[in-house]
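The structure appears below as structure tokens.
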Amino acid sequence: MAISRLLIANRGEIAVRVQRAARELGMHTIQVHSAADADSLAVRMADETVNIGPPSAAKSYLNAAAILDAARKTGAEAVHPGYGFLSENAAFADAVEAMGLVFVGPRGDTIRTMGDKAAARSAAQKAGVPVVPGSEGKVDDLAEARRLAEAISYPVMVKASAGGGGRGIRVVDAPAALEAAYDQATAEAKAAFGDGGLYLEKFIPRARHIEVQVLGDGVDAVHFYERECSLQRRRQKIWEEAPAIVLTPAIRERLCNSAVALAKSVGYRGAGTLEYLYDDQSGDFYFIEMNTRIQVEHPVTEMITGVDLVREMLRIAGGEPLRLTQNDIGLRGHAIEARINAEDPDRDFRPSPGVVTGLHIPGGPGTRFDTLLYAGYAVSPFYDSLLGKLIVWDHSRESALPRLRRALDELKIEGIATTTSLHRRLVEAPDVAAGAFHTRWLEQWLAADKAERTR
-9 MAISRLLIAN RGEIAVRVQR AARELGMHTI QVHSAADADS LAVRMADETV
41 NIGPPSAAKS YLNAAAILDA ARKTGAEAVH PGYGFLSENA AFADAVEAMG
91 LVFVGPRGDT IRTMGDKAAA RSAAQKAGVP VVPGSEGKVD DLAEARRLAE
141 AISYPVMVKA SAGGGGRGIR VVDAPAALEA AYDQATAEAK AAFGDGGLYL
191 EKFIPRARHI EVQVLGDGVD AVHFYERECS LQRRRQKIWE EAPAIVLTPA
241 IRERLCNSAV ALAKSVGYRG AGTLEYLYDD QSGDFYFIEM NTRIQVEHPV
291 TEMITGVDLV REMLRIAGGE PLRLTQNDIG LRGHAIEARI NAEDPDRDFR
341 PSPGVVTGLH IPGGPGTRFD TLLYAGYAVS PFYDSLLGKL IVWDHSRESA
391 LPRLRRALDE LKIEGIATTT SLHRRLVEAP DVAAGAFHTR WLEQWLAADK
441 AERTR
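Taking my numbering, the leading residue of the sequence shown gets -9, the next gets one more, and so forth.
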């Protein structure tokens, strides 16, 4: 059954992105919003809107009862959760479908399996996908953590079993530091996700973060190649590329095929991303977790494959089988995404809410800006600082980099501080130009850059 009335249970640029795809499919869009977002771009674009609560996310975008009530009252047929908030909440997915509505994403049982890092690790092993050496599930206590850490050898990572976003993670270099890291990660995981469960895995100091985009219909699955997401600050991605320049064709094929095998093994439905650590010294890759939703960085994949992933999600949710076979999905050119946040990189990335007094969005060939902004928009202090994503494409990485430089120079966001200046510096960095970076490179570069700039 094709969906005709879609409720969007999110905000910001992803809500705008979903609305555009829905409109192209002829859907009536219903946008929920908090009191703080009453004048947002997503609200202005929607066919229908519902205020679901005060500014606090806990009382609005995380208030499942209010969202479900809005869906019932407006006659919605489906709910798209976007990313973040309730997008990977299995109970919410179950509740949506219990109402007879469609959850635009995987089933609740799939989210439970793949959203729990320890359970996902077990599923990967059963599907024959390599995993980082570590615990086979949650560790029971500190004593077990000590035994495991000695067995897999230091350094190790203590990681929250539930959730993501870089929270509930500690790197431990020596036995003396394990107890404090264990306690801190437990407390952080419990506060962030309501679950203090932890697991351990071997830490690869110069790993690259490579992820594979998949799309499934519950029976079959295909991949859309990989993304390189190694430029991170505090384990938050700020720059993504596709494809990963460090992979040989043979490794790319093995990596992407492993992602499809795992997606098929769990009957995956919708768009999802399987994340891996890649050791470019050995050529080995290891599955670490799955994000059971659309990703912030999905546009770079769309640019290199020519496929609208959000539109395909909506078609699958409406009951259509996969329209593409693996042979239909080609890889062309290179795309780079720079995340533009309302933060001041010269003041330790201090948040910068306020009114956007002027806005100029770059254009030209191979240039895209997915955003929630308009001139006069008041950036709220209540939510994530992401303002938009500047994406460029060209036939090669060598030509995409100067295109990104040009687009960054054109982008003007006035009235607030943004991370645009950081990206201008990164595009000039020799290591970035050479693709010679890893997951810890950016923090090391930032520290050296700060020291140089303050001399």
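Positions of the beta carbon are idealized from the N, C-alpha and C atoms, including for glycine.
task: Thinking E265 and I278 are a contact (beta carbons under 8 Å), I'd like their distance in whole angstroms, please.
output: 5 Å
task: Use the C-beta contact count for T315: other C-beta atoms within 10 angstroms, 16 or more gives buried, fewer gives exposed.
output: exposed
- prompt: What is the DSSP secondary structure of G260, counted as helix, strand or coil?
  reply: strand
task: Please report the Cβ distance between Y454 and F75, rounded to the nearest whole angstrom; I am assuming they are in contact, meaning their Cβ atoms lie under 8 Å.
output: The structure shown does not extend to residue 454, since the chain is modelled only from -9 through 445, so no value can be given for it.
- request: Go through its chain and collect everything with a Cβ distance to M89's Cβ below 8 Å, but skip five positions before and after it.
  value: L58, A61 and R62
query: Among the residues of its own chain, which have a CB less than 8 Å from the CB of V204, if the five just before and after it don't count?
result: A211, V212, H213, F214, A249, V250, A253, Y258, A261, G262, T263 and L264
message: Please identify the residue among V92, E3 and G118 whose C-alpha is closest to the C-alpha of G308.
response: V92
- request: Specify whether the segment 166 to 181 and the segment 93 to 110 touch according to this definition: at least 3 beta carbon pairs, one from each stretch, less than 8 Å apart.
  value: no
- prompt: Going by Cα to Cα distance, which pick from R196, R217 and L312 is closest to L321?
  reply: R217
field: Cβ neighbour criterion (16 or more within 10 Å) applied to A(-1)
entry: By the 16-neighbour rule on beta-carbons within 10 angstroms, A(-1) is buried.
- prompt: Do A179 and A139 have their C-beta atoms within less than 8 Å of each other?
  reply: no
task: Please name the residue, chosen from A182, F193, I159 and A177, that lies closest to V146 on a Cα-to-Cα basis.
output: Minimum Cα distance to V146 is reached at F193.
- request: Measure the Cβ-Cβ separation of A175 and V148 and say whether it is below 8 Å.
  value: yes
- prompt: The beta strand (DSSP E) with L349 in it runs from where to where?
  reply: G348 to H350
query: Going by the beta-carbon positions, is the gap between A325 and V297 smaller than 8 Å?
result: Cβ atoms of A325 and V297: not closer than 8 Å.
- prompt: What is the DSSP secondary structure of K254, reduced to helix, strand or coil?
  reply: The DSSP-derived three-state label of K254 is helix.
- prompt: Taking the alpha-carbon positions, what's the T295 to E310 distance?
  reply: Each residue's alpha carbon lies about 20 Å from the other.
field: Rounded separation between E78 and G95 - CA only
entry: 9 Å
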